[in-house]
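**Q**
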Amino acid sequence: MLKKFVIILIVAMFLTADVAQVSAQSVLMNSAETINQGNLKLGIFPTILFGKNGGDSVWGVAGRFGYGLTKSLDIEAKAAFFKGLKYFGVDVEYWFVKGENFNVSAALGGHVTDYKGAGDSKGIDAALLASTRPTNNLEIYGGLMLAFDSIKNGYNYTLAHIVPGIEYRISDDLDFLAEVGIALNDNSRSYASVGLAYYFLR
């Protein structure tokens, strides 16, 4: 019953999210541990971009759908929807430091953005993540997230964020996540994101 409810909730949030026009924005929303081999992951994350230079804060929704390829490698499709903007991408994450209570992974991928009107862009994404587990059900993570974008008219820009967050295991197949992205340059906007990740266990 809980599984069906979570799936329905995720779909409903994707279809009904209140959105507003912004530039492209991705989220991390995972620890340094990759998806277990053979498992599927579906996550939905309402996201707020904080106002900048007198502008209003705006709401959108981000999502991730991933698969564990090996014990150290996963692949995730990602999407974000705001008014006048659709964002689609994919990245591959490799878990290369597996400590007793400290993990590090790196992700590399790409994305495209579809703006209503002019200004469509494409770009390369990169992230470096570290996480620790103070309790059995809680992980604390931090990451550096970069996006290198190119707009069709030739203008290039970079988005850069430092991202602290938490991942709390509600059950074997359901996690709660929350993070804050702290903007590091003028092109970026700070954000906060919260939501659930559901795992289809093999």
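To convert, count from 1 in the sequence shown and add 14; that's this note's numbering. Each residue gets a CB set at the ideal place from its N, CA and C atoms; glycine is no exception.
Quick test of your reading: Gly77 and Gly103, contact by CB under 8 Å. State the CB separation rounded to the nearest angstrom.
**A** Not confirmed; about 11 Å, so no contact.
**Q** Rounded to whole angstroms, what's the CA-CA distance from Arg203 to Tyr108? Just pull it up for me.
**A** Straight-line Cα distance between these residues: approximately 27 Å.
**Q** Going by alpha carbons, who is nearest to Lys130 out of Ala93, Tyr213, Lys97, Leu142?
**A** Cα-wise, what sits closest to Lys130 is Lys97.
**Q** When burial is assigned at 16 or more other CB atoms within 10 Å of the CB, is Asn199 buried or exposed?
**A** Result: exposed.
**Q** Go through its chain and collect everything with a Cβ distance to Ser145's Cβ below 6 Å, but skip five positions before and after it.
**A** Answer for Ser145: Ser45, Ala46, Asn117, Glu153, Tyr155, listed in chain order.
**Q** Rounded to the nearest angstrom, what separates Asn150 and Tyr212 at their Cα positions?
**A** When rounded, the distance between both Cα atoms is 18 Å.
**Q** Since Leu173 and Asn201 should fall inside the 8 Å C-beta cutoff, what is the C-beta to C-beta distance between them, to a whole number of angstroms?
**A** Leu173 to Asn201, Cβ: 6 Å. Contact.
**Q** Can you give me the C-alpha to C-alpha distance between Ser135 and Ala94, rounded to a whole angstrom?
**A** Computed Cα separation, rounded: 14 Å.
**Q** Pull up the distance between the alpha-carbon of Leu188 and that of Leu143, whole angstroms please.
**A** The alpha-carbon atoms of Leu188 and Leu143 are separated by roughly 21 Å.
**Q** Kindly indicate the opening and closing residues of the beta strand (DSSP E) around Arg216.
**A** Unbroken run through Arg216: none, as it is neither H nor E.
**Q** Going by the beta-carbon positions, is the gap between Gln39 and Thr84 smaller than 8 Å?
**A** Against a cut-off of 8 Å, the Cβ pair of Thr84 and Gln39 comes out as no contact.
**Q** Evaluate Tyr169 with the Cβ neighbour count: other Cβ atoms within 10 Å of its Cβ, from every protein chain shown; 16 or more gives buried, anything less gives exposed.
**A** So Tyr169 ends up on the exposed side.
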